Every structure is written in C-alpha cells, then in structure tokens.
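Trainee: Please read through the structure below; I'll follow up with questions.
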Amino acid sequence: MSTAFSIGLSGMQAAQVQLGVSAHHIANLATADLQRRQVASQSLPAGGVRTEVQSSGGMGEDLARDLVQQRQARHLYVANLRTVQAADHLLGTLLDTFT
8 MSTAFSIGLS
18 GMQAAQVQLG
28 VSAHHIANLA
38 TADLQRRQVA
48 SQSLPAGGVR
58 TEVQSSGGMG
68 EDLARDLVQQ
78 RQARHLYVAN
88 LRTVQAADHL
98 LGTLLDTFT
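In the numbering used here, the protein residues as written are 8 to 106.
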C-alpha cells in the first residue's frame, strides 16, 4: 500500500475515534458522573498518526466543545478521504499509462 493511502487511512481512523469520543459525551450528557475522555494523536515518522483515547480527568458536560469536535472530526475525515481518493486516482492514471 502506498504512503499516501496509509497516511489518509490513518487520518480517517483518527477522525473516526474523535467522532466516537464526542458522540459518547453527547449521548451521556444526562449521566451525573460522566467521565470525559480525550483523543491524543501523535504523528508517526513514516507518515500518518497514532491515536489513543485517554481520560481527561474532568467530569461533566461541555456540549459546545463536543459539537465543535464533531465538526472538526468530520472535516478531518473528509480531508483524509480526499488524500486517499487522490492517491487512488494517481495509481489508476499510472496503471493506464502502462496498459
């Protein structure tokens, strides 16, 4: 798999994790002892990101922040999807050249 595919897919997975965490917060707004979580992302030397869900140590609701994080996750997902689509298009063009 090419580097562009790997980078795009890892970015899409990171966005999916972020979306899941913020959705969990929104779904559990009425829970009295909601333990907030956060997503920690780290760039990898070969490209892409590694994500990990951690406890943020905070409690309670922050609906505005969760909605913003969902929007950010959506944009992150779409941007990385465009990377995968561009890599796919380039690979297709390359294969067309050799056939």
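C-beta: ideal position from N, C-alpha, C; glycine also. Small disclaimer: the values here were computed from a predicted structure and weren't measured.
Counting pairs of Cβ atoms below 8 Å between the region 58-72 and the region 81-89, do you hit three or more?
Mentor: Taking 8 Å as the limit for Cβ pairs, the verdict is that the region 81-89 does not touch the region 58-72.
Trainee: Short check: CB of alanine 11 to CB of threonine 90, under 8 Å?
Mentor: Position 4 of the sequence shown holds residue 11. Position 83 of the sequence shown holds residue 90. Closer than 8 Å, so yes.
Trainee: Which residues in the same chain have their Cβ closer than 6 Å to the Cβ of histidine 32, if we skip the five residues on either side of it in sequence?
Mentor: One-based indexing of the sequence shown puts residue 32 at position 25. Here the set comprises Asp73.
Trainee: Which class does histidine 15 belong to by DSSP, given the choice of helix, strand or coil?
Mentor: Within the sequence shown, numbered from 1, the residue matching residue 15 stands at position 8. Here the sequence assigns glycine to residue 15, which means histidine is not the residue at that position. Of the three classes helix, strand and coil, the one that applies to glycine 15 here is helix, per DSSP.
Trainee: At what residues does the beta strand (DSSP E) containing glutamate 59 begin and finish?
Mentor: Locating residue 59 in the sequence shown gives position 52, where the first residue counts as 1. Where glutamate 59 is concerned, the enclosing beta strand (DSSP E) stretches over 56-66.
Trainee: Assuming arginine 57 and glutamine 49 make a contact with CB atoms under 8 Å, what is their CB distance in whole Å?
Mentor: Residue numbering aside, residue 57 sits at position 50 when the sequence shown is read from its first letter. Residue numbering aside, residue 49 sits at position 42 when the sequence shown is read from its first letter. Correct: roughly 5 Å between the Cβ atoms.
Trainee: Look up alanine 80 in the DSSP assignment and say whether it is helix, strand or coil.
Mentor: For this step, residue 80 is matched to residue 73 along the sequence shown. Three-state DSSP puts alanine 80 in a helix.
Trainee: Per DSSP, which one or two residues make a beta bridge with glutamine 45?
Mentor: Sequence index remark: in the sequence shown, residue 45 carries index 38 (1-based). According to DSSP, which records beta bridges pairwise, glutamine 45 is partnered with Gln61.
Trainee: Could you tell me how far apart the beta carbons of glutamine 77 and leucine 26 are, in whole angstroms, since I believe they sit closer than 8 Å?
Mentor: If you number the sequence shown from 1, residue 77 lands on position 70. If you number the sequence shown from 1, residue 26 lands on position 19. Contact flag correct, Cβ pair sits at about 6 Å.
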